[in-house]
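Note sheet for the following structure.
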Amino acid sequence: MPNASKRILVGTAIALLAAAILVFPSLAPNPYILSSGVLVLNYAVLATSWNFVGGFTGYISLGHGALAGLGGYATGLLVVKAGLPSFAALAVAALLVAALAVPLGMAALRVRGASFVIVSIALVLILLLVFQSWASFTGGSRGLVVPRPFDLSRPEHHRVFYYLFAVLLAIAVLAWWLIDRSRFGLGLKSIREDEDKAEALGTPTFAYKLIVFVVSAGFTALAGGLYALWFGDLDPVFQFSILTGSYLVLMALLGGVRNLFGPVAGAILVGTALEYFKVEYGDTPLHLVATGVLLALVVLFMPDGVLPAIGDLLKRLDRTKKSSIREVTAAELAEQRKAAV
Amino acid sequence: MSLATHELRKAFGGVTALDGATVDFHPGKVNALIGPNGSGKTTYFNCVTGMIKPDSGRVTYKDRDLTGKAPHRIARAGLGRTFQLCRTFPRMTALENVLAAVPHGGLRSFRTRSDIERAMSWLTRLGIEHLARSEARDMSWGQQKLLELAGVLMAEPETVLLDEPAGGVNPALLDRIGTLIRELNAEGRTFVIVEHNMDLVMSISDHIVVFDRGRPIAEGPPSVIRSDERVLGAYLGV
Amino acid sequence: MQAGYGRAAPVLRGFSVSVPAGAIVCLVGPNGAGKSTVLKVAGGLLKPRDGRVIVAGKDVTGAGPQQMLGHGVSLVLQGHSVFREMTVEENVLLGAYTLRDARKIAERVAFVKEIFPVVADRWGSLAGLLSGGQQKQVEFARSLMVDPKVVLLDEPSMGLDPKATSTVFEQVVRMRDAGTAVLLVEQNARRALETADLGCVLDLGRVHISGPARQLLADPQLGELYLGGRPAEPVPDI
Amino acid sequence: LGTAGCSGDDQGSSGSSDPIVVGISLPLTGDFSEPGKGVQEGYEAWAKVVNDKGGLLGRQVELKILDDQSNADRVVADYEQLIGKDQVDLVVGPFSTRLVVPSARVAEEYDMLFVEPAGAAKEVFEQGFKNLFYAAPAVANDHYNHLAEHILALPADQRPKTAAYAAMDDPFAQGTAYGLKEKLEAGGVKTVVNEVYPPNTTDFSGIAAKVAAAKADVLVGGSQYQDGVNLIVALQQLGYQPKLAAFSTAPTNPEFAKAIGNKTTGILSPTGYSQDAPYESNKEFVEKFKAQFGKAPEEDQANGYTTGQVVAAAVTAAGCAEQGECQKKLVDWLHSNKVDTVVGPLSWDQTGKPQGAHMIQQWVDNDIKIVLPADVKEADFVYPKPAW
Amino acid sequence: MLLFQSILLGLLLGGLYALLASGLTLYFGIMRVVMIAHSAFLILAAYLAWWMHDRIGVDPLLSMVVTVPLFFAAGVGLQRLLLTRLRPATLTMMSVLLTFAIALTVEGLLGYAFTGTQRRVQLGYSSASFEIFGARIAVVKLIAFVLAVIALSGLYVLMKRTRFGWALRATIQHRDAARLLGIDTERVAGYGFGIGLATAAVGGTALSLDTTIYPSLHWHWIGPLMAIIVVGGLGSVPGAAAAAMVLGMAQSLLQIPMGTTWAQTVFYVALFATLAFRPQGFFGGRLAQRF
Ligand SMILES: Nc1ncnc2c1ncn2[C@@H]1O[C@H](COP(=O)(O)OP(=O)(O)OP(=O)(O)O)[C@@H](O)[C@H]1O
Ligand SMILES: Nc1ncnc2c1ncn2[C@@H]1O[C@H](COP(=O)(O)OP(=O)(O)OP(=O)(O)O)[C@@H](O)[C@H]1O
Ligand SMILES: CC(C)C[C@H](N)C(=O)O
Ligand SMILES: [Mg+2]
Ligand SMILES: [Mg+2]
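What follows is the structure, given as structure tokens:
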């Protein structure tokens with residue numbers, strides 16, 4: 057019974073969220089709010105993409121910003137240098153980044169825990185160096201200008217991309233859900249808990265990690281590429297930034313990494329908070345302090361995220377206490393068993 | 011011939027953990043592997059299941075060479091194992107822990123009725139069904155030990171390698187586990203059990219291999235081992 | 017005494033035990049009964065929700081492990097608690113962390129090296145690289161470095177081979193003879209009860225039966241339920 | 174700078190007494206914060222001067238300034254906000270080429286006039302912007318034109334033979350250095366070292382070692398500020414003495430002399446602005462600026478002020494200042510007219526590129542003075558440079 | 009000549025890297041904490057040195073009298089107030105995020121207090137140097153190097169030879185067991201963290217002698233330092249020192265043919281090579297986790 061009511065609750069929540077996302081553009085009072093909406097959706101896709109790796113396998117990557125940057129640059133370069141149509145370029149770019157994620161993942165996923173985090177940071181820094189230095193190809197610090205896919209007025213441009221991001225988000229969330237309920241997903245989660253044990257139980261851990269890393273990279277690249285088409289100006293310093301990567305982690309954590317909509321909720325919260333800090337403390341570096349403090353609070357007091365915290369709260373209101381201790385003595389158990397035989 | 015190793019050797023720096031272990035386990039039987047602390051039993055399991063690579067020697071299973079294969083491949087070939095220091099998935103519930111051992115297969119949902127029923131029945135057989143929805147990290151040592159056993163049995167490997175299944179398990183329950191092992195063996199499963207609890211070993215095994223310093227020094231049925239002098243000297247300490 | 021973890025239901029529900037100096041009290045019970053929890057409370061790792069811990073007539077409820085050590089209470093944990101990335105030497109010497117008397121330490125070191133040969137053999141290697149049983153031995157050796165008034169041992173024989181098990185039980189007896197109060201948790205229940213003076217069966221966080229160890233051992237009903245034997249009359253539950 | 178809220182008054186038609194709101198995003202924090210703040214002062218000085226005189230078209234001028242944290246993504250959002258949400262009447266540019274390019278695109282797409290104080294690199298003018306105007310005399314690549322002419326005019330035996338270039342990886346900084354490099358190479362001065370370093374470089378000993386080992390006659394630093402100082406100190410540590418050393422922007426900074434141990438004599442730098450320049454409005458600017466901020470204006474401040482002047486000229490001529498049709502009028506007017514500013518008369522080609530040249534300053538007797546071109550010089554060109 | 013000069017420069021640079029990396033190694037190897045904020049504190053120390061020099065006029069080296077104890081105390085505080093709250097099971101991962109947050113906070117506060125302007129200590133001997141075998145060594149760089157060597161040796165002795173060092177390592181490996189042996193784990197862990205942070209104070213002072221500082225500079229240091237500790241073998245102080253020297257030298261030498269930017273990639277190339285060929289690091293082994 058609690059299962060059914062829970063399902064109804066979740067169902068309504070999803071419907072409400074979807075409806076809110078869909079009607080937002082028509083309620084947005086001006087193009088600026090709309091463009092902020094695009095940004096938040098972009099964050100939501102990125103955080104959800106991050107969560108394929110972070111949520112399932114427990115490998116925390118601070119380097120996903122770099123994958124998004126790669127997606128953006130690949131899309132841009134394919135349009136500019138190869139003359140591909142924008143969305144063909146986007147698709148090819150995502151495939152390229154996914155392909156590149158194979159060797160990257162093979163190197164990075166060999167190590168666990170802290171080493172992996174370090175590798176992911178290194179990934180950002182090395183790509184930054186390469187994209188800055190290899191100016192003849194990437195445009196270097198001059199940046200890369202990605203032509204607009206549609207000839208639309210700016211507000212219309214925002215609106216179209218808003219819906220494109222919404223579609224991408226829906227696909228990413230769906231993919232996450234599919235994996236979450238699958239055996240593949242359970243295998244990934246067992247990696248998160250104890251990799252050796254999982255392997256001994258027959259899970260091809262390396263292949264699993266690699267597959268999910270590639271999937272994650274693909275979605276991240278799609279988001280990055282779509283962002284490039286929307287935004288138009290790429291600069292290595294901002295495309296390959298640890299800060300972006302860490303915002304994704306913050307969002308996913310804040311929302312809850314074990315939860316389908318955790319990253320989305322986190323993106324909405326953090327995205328809005330970032331805007332707010334900017335407005336409030338915009339002319340001082342205190343926005344960094346605010347971000348830092350927020351992150352610290354989440355890590356210290358809500359390491360499982362907001363959604364699970366709310367879930368716990370609901371559970372606590374629910375009176376029925378659960379306990380792990382056995383409620384019958386060994387003797388009673390023996391009796392029961394005898395009766396059952 | 012099922013699980014066998016030939017001249018398996020493994021040294022860690024100066025310590026020779028396995029020193030030419032040639033062993034042949036009897037298929038369809040309950041085999042025991044005993045020996046003093048540090049005689050190389052766990053290392054032997056690790057080599058067999060691919061967790062570490064032997065320096066030399068061969069591991070074969072049903073005439074297939076498994077030496078140096080990845081652990082998951084070996085597991086899929088039909089060898090399941092438990093760990094001496096019990097290893098459960100701490101933040102997964104007991105039920106999920108057991109389900110995680112179901113052979114994996116793509117995006118199909120794991121929440122099939124039969125899987126769950128099977129998992130629950132294993133928990134019940136090991137006396138921890140009341141913990142199905144508790145996370146493993148909240149369990150006592152012995153409970154985790156049992157949970158791990160349930161996990162490996164869920165995978166239904168043809169050959170089950172158990173590293174000290176009795177460590178920390180209540181003796182009353184242990185009797186039941188002994189019975190369970192015999193039952194499963196009767197269904198055709200092969201067991202290789204590392205254990206220091208001689209009562210258990212002597213009562214359930216058909217064939218015993220005794221290790222000392224990384225190699226077998228004796229083997230045979232319990233009655234023979236019980237009175238083997240080398241075993242008495244090296245292991246039982248009498 | 018009442019105790020539990022986090023917000024979950026209590027694990028110990030009105031449990032009391034007293035351990036006279038110069039006696040071994042053995043605590044047995046099914047997995048998850050709360051034995052380890054009793055020791056953790058007594059050792060100061062877990063604060064009881066209700067009830068008191070009394071050492072030598074003094075109420076020390078709520079004291080941390082460091083203070084408990086000051087009161088002469090020493091606890092050896094269940095499972096493996098060696099410092100894996102430190103050498104055996106460092107592990108053993110850390111056992112004497114609170115001692116300052118170099119000569120006494122040297123004496124103790126010589127003593128543990130003698131009774132556990134593996135400690136001497138592997139003096140310089142990292143403890144984490146030893147086999148499971150070897151680690152257990154190092155751990156026990158570490159606990160022998162001090163002379164506490166009260167020793168709490170959580171399954172000290174788990175994973176040990178028969179020889180080492182005997183050594184451990186000998187040492188427990190030696191401690192008792194030296195006037196130490198020993199509270200021993202064991203799943204190797206028959207052996208433990210043979211050694212102990214008093215026995216106490218714990219189930220569901222309560223004392224089920226307690227009495228002289230020999231008497232418990234002889235009780236056929238207890239045997240079936242907790243030691244492997246015949247069932248006793250059920251105790252009503254709330 | 175308490176400025177207009179978010180009310181977004183949509184009917185700011187000319188003739189009303191509402192203030193004219195000018196929207197600006199500036200890098201007040203982050204990498205470009207120092208020059209960013211300089212430009213801010215320039216803007217504020219301009220607004221005060223205009224308002225003291227009764228405003229533009231009889232309306233007061235109000236600045237709405239946002240901080241973009243030196244971040245290109247932010248700067249776009251800022252202009253998006255200024256134009257879309259705050260409905261400002263006019264926008265003017267941020268500091269630095271890196272931020273100008275993306276923000277100019279937003280203005281372009283909302284059909285807004287975009288006069289900017291600091292997008293000097295040539296990339297700015299290659300984007301096809303139709304509404305952009307750079308409010309300074311010359312683009313980066315032309316900053317050293319006078320110096321190049323002078324060097325190449327030296328008698329053959331005095332003329333330097335080799336040159337070393339070290340430039341920050343930044344379109345502007347590289348633009349200045351490479352503008353000179355191109356001309357010197359064409360004139361036969363051999364390039365012996367050509368180094369590019371990322372903006373965040375702090376350790377210059379490696380670059381310095383290369384330059385010192387090559388013993389180049391001329392050293393050209395494509396620098397912003399601190400990197401120039403660091404490079405000089407590293408070179409001093411290695412005992413390298415060039416005959417001629419030129420750095421973009423760094424030497425004009427008030428802290429410069431002290432930072433390199435006062436061994437400044439002979440160091441060169443291009444500038445688009447001089448406090449003593451004879452242009453009509455300049456005297457007023459220097460005077461009022463000093464009164465307002467208690468210090469003399471530098472180049473960054475002048476650039477901000479100039480930007481204001483350019484916009485003001487267009488608004489006055491077109492007789493309007495609001496979003497919509499009016500912006501086109503402003504743009505058209507600027508394309509076909511010349512504006513008198515504190516850096517001299519400015520006019521632009523179709524891409525918004527100004528048509529002037531920079532002057533060359535040199536440290537002489539603990540002061541920085543204009544030495545080139547000869548017709549406006551305040552001191553004689555020192556060559557070769559004394560040891561530092 | 010250029011080669012010899014570059015080798016010298018590489019050596020001096022390597023010394024500084026070694027000191028800073030060993031602080032990181034301390035947290036990680038001994039405490040399983042990935043301390044992203046280490047370089048933020050490094051910059052903070054440099055700022056304090058600069059500030060004292062600028063305001064009070066004392067030599068930056070003297071600032072250590074204040075910063076080293078201050079940082080030690082701050083480290084103890086951080087550990088006791090924040091890091092202890094993390095669950096042991098997820099300590100490593102969560103510590104990354106927590107210390108990342110601390111880094112952001114420090115950076116923001118630095119920016120707030122001192123603005124984003126680049127700062128540099130101006131000393132009478134900033135550009136002084138002396139010559140050996142035709143190459144020049146700047147006095148400030150030599151001082152920084154000597155500081156690094158002293159701090160590094162002190163650290164090594166402390167960890168391997170003192171009771172405190174043992175207690176610290178025991179605490180990290182099995183906290184409950186350590187408590188049961190009478191070790192005051194809270195205090196010990198706090199001190200351990202304090203010592204790590206104190207190395208940042210020394211390093212920051214050394215850094216301030218010869219480079220520019222600005223609030224976001226710490227990002228610039230994180231990458232190379234992290235790469236060094238992986239190449240050196242996570243947790244090994246001598247390993248970190250050796251890797252730092254080798255990589256510092258390599259960076260310096262590679263600058264000759266490749267230029268500044270590409271030369272920086274040597275750290276990451278080394279990092280990836282390490283992972284490919286010797287994941288446990290080139291200069292120190294780690295336990296196999298399996299059992
Ligand atoms: N990773 C390792 N590195 C170094 N030495 C090791 C390693 N693993 C095991 N050894 C050594 O190899 C020997 C055999 O260890 P193993 O764990 O196989 O013993 P075991 O027979 O399982 O003993 P126990 O009954 O105590 O579990 C021991 O001396 C141990 O110290
Ligand atoms: N950290 C914990 N959090 C929550 N519950 C716990 C925790 N540790 C133990 N428990 C629960 O408390 C009960 C008693 O555990 P305890 O470890 O004391 O049992 P035990 O008698 O020592 O069992 P074993 O023989 O298996 O070691 C168990 O039901 C267990 O599920
Ligand atoms: C002349 C300067 C104001 C130009 C500016 N530094 C730029 O990046 O374009
Ligand atoms: Mg073993
Ligand atoms: Mg227990």
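Residue numbers (the working numbering), protein chains in the order written: chain B, 57 to 397; chain C, 11 to 248; chain F, 17 to 254; chain H, 174 to 561; chain Y, 9 to 299. Idealized CB from N, CA, C, for every residue including glycine.
| query | Taking any heavy atom of ligand 1 as the mark, which residues have a C-beta closer than 5 Å to it, listed down the chain? | reply | Those residues having their beta-carbon less than 5 Å away from any non-hydrogen atom of ligand 1 are, in chain order, C/F22, C/V25, C/A27, C/N47, C/G48, C/S49, C/G50, C/K51, C/T52, C/T53, F/L145, F/L146, F/S147, F/G148, F/G149 and Y/A296.
| field | Residue interval of the alpha helix (DSSP H) (run including C/W132) | value | From DSSP, the alpha helix (DSSP H) with C/W132 extends over R123 to R135.
| request: Measure the alpha-carbon distance for C/H140 versus C/A146 and round it to whole angstroms. | output: Rounded to whole angstroms, C/H140 to C/A146 spans 12 Å at the Cα level.
| Buried or exposed (CB count within 10 angstroms, at least 16 for buried), B/R63 | So B/R63 ends up on the exposed side.
| Are there 16 or more other CB atoms within 10 angstroms of the CB of B/A263, so buried, or fewer, so exposed? | Counting the other CB atoms within 10 Å of its CB gives B/A263 a total below 16, which places it among the exposed residues.
| query | What separation, rounded to the nearest whole angstrom, lies between the Cα atoms of C/M212 and B/V229? | reply | C-alpha separation (whole angstroms): 55 Å.
| task | May I ask you to list the residues that DSSP assigns as paired with H/K237? | result | Beta-bridge pairing links H/K237 to H/G196.
| said: Beta-carbon within less than 6 Å of B/W233's beta-carbon, same chain only, minus the 5 sequence neighbours each way: which residues are those? | reply: Cβ neighbours of B/W233 beyond the five flanking positions: L316.
| query | Are the C-beta atoms of Y/R195 and some chain H residue less than 8 Å apart? | reply | Using a CB distance cut-off of 8 Å, Y/R195 does not count as an interface residue toward chain H.
| What whole-angstrom Cβ distance do Y/A53 and Y/T33 have, given they're in contact under 8 Å? | About 18 Å separates the two Cβ atoms, so there is no contact after all.
| message | If you measure between the beta carbons of H/F268 and H/P290, is that distance less than 8 Å? | response | Yes, the Cβ-Cβ distance between H/F268 and H/P290 is below 8 Å.
| field | Three-state secondary structure assigned by DSSP to F/I40 | value | F/I40 sits in a strand when the DSSP states are folded into three classes.
| said: Here's a check: name, in chain order, each residue in its chain whose Cβ is nearer than 6 Å to the Cβ of Y/G23, leaving out the five neighbours to either side. | reply: Closer than 6 Å at Cβ, skipping near neighbours: F153 and A156.
| query | Any idea what DSSP makes of B/A217, helix, strand or coil? | reply | The sequence shown places Phe at residue 217 of chain B, rather than the Ala named in the question. B/F217 carries a helical assignment under DSSP once its states are collapsed to helix, strand and coil.
| query | Are the Cβ atoms of C/G38 and F/N47 separated by less than 8 Å? | reply | No. Outside cutoff.
| query | DSSP state of H/I541, grouped into three classes? | reply | DSSP places H/I541 in strand when its eight states are reduced to three.
| field | Continuous beta strand (DSSP E) assignments of at least 3 residues falling wholly in the stretch 155–232 of chain F | value | Runs of the beta strand (DSSP E) lying entirely within the stretch 155–232 of chain F, each at least 3 residues long, are 166–170, 197–201, 214–219 and 222–228 in chain order.
| message | Buried or exposed, going by whether 16 or more other CB atoms sit within 10 Å of the CB of B/T18? | response | With chain B covering only 57 through 397, there is no way to say anything about residue 18 of chain B.
| Near ligand 5, which residues have their beta-carbon closer than 7 Å to a heavy atom? | Qualifying residues come out as C/S150, C/W151, C/G152, C/G178, F/K51, F/S52, F/Q94, F/D170, F/E171 and F/V201.
| query | For C/Q94, is the beta carbon positioned less than 7 Å from some heavy atom of ligand 4? | reply | Residue side-chain check: C/Q94 places its Cβ nearer than 7 Å to a non-hydrogen atom of ligand 4.
| request: Leaving aside the five residues before and after H/A308 along the sequence, list all residues of the same chain whose C-beta is less than 6 Å from its C-beta, in chain order. | output: In chain order, V288, P290, T479, T480 and V483 place their CB closer than 6 Å to the CB of H/A308, counting only its own chain and leaving out the 5 sequence neighbours on each side.
| task | May I ask you to check if the CB of F/A49 is nearer than 7 Å to at least one heavy atom of ligand 2? | result | Taken from the Cβ of F/A49, at least one heavy atom of ligand 2 lies inside 7 Å.
| field | B/T347 versus Y/T113 - alpha carbon distance | value | So the two alpha carbons sit approximately 8 Å from each other.
| field | is_contact[H/S206, chain Y] using C-beta, thresh 8 Å | value | Chain Y, which has a Cβ nearer than 8 Å to the Cβ of H/S206, makes this yes.
| What are the residues of the stretch 177–190 of chain B that lie near chain Y, defined by any Cβ-Cβ distance shorter than 7 Å? | From the stretch 177–190 of chain B, only I177, A178, L181, I182, L185, Q188 and S189 have a Cβ closer than 7 Å to chain Y.
| task | Just mark Y/T269 as buried or exposed, buried being the case when its beta carbon has 16 or more other beta carbons within 10 Å. | result | That one is buried.
| request: Could you give the DSSP three-state label for C/S233: helix, strand or coil? | output: The answer is helix: DSSP assigns C/S233 an H, G or I state.
| field | Length at least 4, wholly inside the stretch 51–100 of chain C: the alpha helix (DSSP H) runs in chain order | value | Runs of the alpha helix (DSSP H) inside the stretch 51–100 of chain C: 51–58 and 81–86.
| Given C/A176, which residues of its chain have a CB within under 6 Å of its CB, disregarding the five upstream and five downstream residues? | By the criterion of a C-beta distance shorter than 6 Å, C/A176 is surrounded in its chain by L184, E205, N207 and L210, once the five residues flanking it on both sides are discounted.
| task | Per DSSP, which residues does H/Q260 bridge with? Please list them. | result | Per DSSP, none; premise fails for H/Q260.
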